[in-house]
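J.: Residue numbers (my numbering): -18 to 327.
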Amino acid sequence: MRSALLAWYDATRRALPWRAPPGVRPDPWAVLVSEVMLQQTTAATVARRFPLFVQRFPTPAALAGSSLEEVLVAWQGLGYYRRARSLHACAQRLVAEHDGRVPDSLDALRALPGLGAYTAAAVAAIAFDRPVLPVDGNVARVGARLLGLALPADRVRAPVAAGLAPLAHGERPGDVAQALMELGALVCRPRAPSCSCCPVRAYCRAAGSGRARDIPARPSRRAVPVRSTMAFFLRRADGAILFRRRPDDVPLGGMIELPSSPWGEERSLDEHLAHAPAPGPWEPLPGEVRHRFTHFELRVRLARGTAGVAASGLWLAPEALSAVPVPTLTRKLLARLGVVVPHRGR
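#1: What's the C-alpha gap between P115 and T40?
#2: Rounded to whole angstroms, what's the CA-CA distance from L310 to W244? Just pull it up for me.
#3: What do you get for A146, buried or exposed, if any count of 16 or more other CB atoms within 10 angstroms of its CB means buried?
#4: Just tell me which of A134, E50, A204 has its CA closest to the CA of R172.
#5: Thinking C-alpha only, which one of E51, G58, Q20 is nearest R30?
#6: Please list the segments of the beta strand (DSSP E) lying wholly inside the stretch 276 to 305, counting only runs of 3 or more residues, in order along the chain.
#7: Secondary structure at L315, three-state DSSP: helix, strand or coil?
#8: Skipping 5 residues on each side, what residues in its chain have a beta carbon closer than 6 Å to that of H272?
#9: Is it a yes or a no for the stretch 166 to 186 touching the stretch 117 to 136, going by three-plus beta-carbon pairs under 8 Å?
#10: Could you give the DSSP three-state label for L266: helix, strand or coil?
#11: Would you kindly work out how many angstroms separate the C-alpha atoms of S86 and L33, rounded to a whole number?
#12: Could you please give the first and the last residue of the uninterrupted beta strand (DSSP E) stretch that includes I222?
#13: Taking contact to mean at least 3 C-beta pairs separated by less than 8 Å, is the stretch 3 to 22 in contact with the stretch 79 to 99?
#14: So, is Q21 buried or exposed, given that buried needs 16 or more other C-beta atoms within 10 angstroms?
#15: Output the distance between the C-alpha atoms of I237 and V231, rounded to the nearest integer angstrom.
#16: Quick check: the Cα distance between K313 and D219, rounded to an integer number of angstroms?
#17: What does the alpha-carbon distance come out to for the pair G294 and L223?
#18: Give the list of continuous alpha helix (DSSP H) stretches no shorter than 4 residues that lie fully inside the stretch 226 to 257.
#19: Could you tell me whether the Cβ atoms of R197 and L239 are closer together than 7 Å?
#20: Let me check understanding here. Comparing Cα to Cα, which of R170, V137, A(-8), P180 lies closest to P382?
#21: Once you ignore the five residues that flank P228 on each side, which residues in its own chain have a CB closer than 7 Å to its CB?
#22: Taking the alpha carbon of G118 as the reference point, which residue from A103, R63, V307, E247 has its own alpha carbon closest?
#23: Do R226 and V270 have their C-beta atoms closer together than 7 Å?
#24: For C178, count neighbouring C-beta atoms within 10 Å of its own C-beta (all shown protein chains included) and say buried if the count is 16 or more, exposed if not.
#25: Starting from S209, trace the beta strand (DSSP E) in both directions and tell me its first and last residue.
#26: Can you grab the Cα-Cα spacing for the pair P154 / H276, in whole Å?
#27: Quick one, are the C-beta atoms of S241 and T210 less than 7 Å apart?
#28: Using a 10 Å radius around the Cβ and a threshold of 16 neighbouring Cβ atoms, would you call P267 buried or exposed?
#29: Whole angstroms is fine: what's the gap from V141's alpha carbon to G97's?
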């Protein structure tokens, strides 16, 4: 199985910005950065943002020596900004404890901020050819089908890791790991697996029984909690807009946002307006903006203030927003109001 998988990978592997060419030793820092970026973000999105990020922060020391705001600005477009904060802390730890280098020990990698079991294993395998098998969503699906595990998708990772572990103990464990990821991305897809093109079909129990589409079983859908808020838009005569910075210990911590009422249960208009950044009048706008976070959906109503109202806060012109960390949610709200925020480096 390993030989068939590696032969297929050598012939069909994609050229990705973070992937070293055949015969070239991977840059461990590039591998680590890419794996953090790929957590909860598509490869297509990471491919657009990764080159600019590593050009600006080519080493752990370069990232560690930069301010968190600089890192958050460079991270824009990738979402889940807690990863950027963790990567910044990881770089500082690498400088302080590992002479600015990515360690090759799995235990040392797991001790770094932001690197869970999967990410540490991926860096160990891909960057250092350690005989470990990282199991992401793609590998979990491939492994569940190979092993014929008719379990819900959220329960297959541990048995897949145990069942496929022997694949890592042989030639080119780093390429084996990437080949399994690639197989899941290109061939063994969730709803439409291309079994006729699969290099390891002969070893696949799900394909052999004609059940590839049904394995792993889809977990039951859970209701997504909903939170509500009202965001307040105030623009001065000179064009500057009122913003504030979110606290560090909340979702989107350290990012720039429009002032808003607390995120929580639905409130009456008067309850929302009680949190306005300045006295009224405020004009509620029709409709709402919805934004999905990992564990909840946020529904945002908008209210526009009067230009003559005085308010203290962070006043920024639209053209200055490319130099500060502006999350997608804030961009959505501003777009609803006709304000376009430029992306830095684009």
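Ideal placement from N, C-alpha and C gives every residue a C-beta, glycine not left out.
T.: The relevant details are as follows:
#1: 24 Å
#2: 13 Å
#3: exposed
#4: A134
#5: G58
#6: 278 to 286, 295 to 297
#7: helix
#8: L279, L310
#9: yes
#10: coil
#11: 28 Å
#12: 222 to 226
#13: yes
#14: exposed
#15: 13 Å
#16: 22 Å
#17: 6 Å
#18: 250 to 254
#19: The amino acid occupying residue 197 in the given sequence is Pro; Arg does not appear at that position. No; because the gap between Cβ atoms is not below 7 Å, this pair is not in contact.
#20: Residue numbering for the chain in the displayed model covers -18 to 327; residue 382 lies beyond these limits and cannot be assessed.
#21: G234
#22: A103
#23: no
#24: exposed
#25: 207 to 214
#26: 34 Å
#27: yes
#28: exposed
#29: 17 Å
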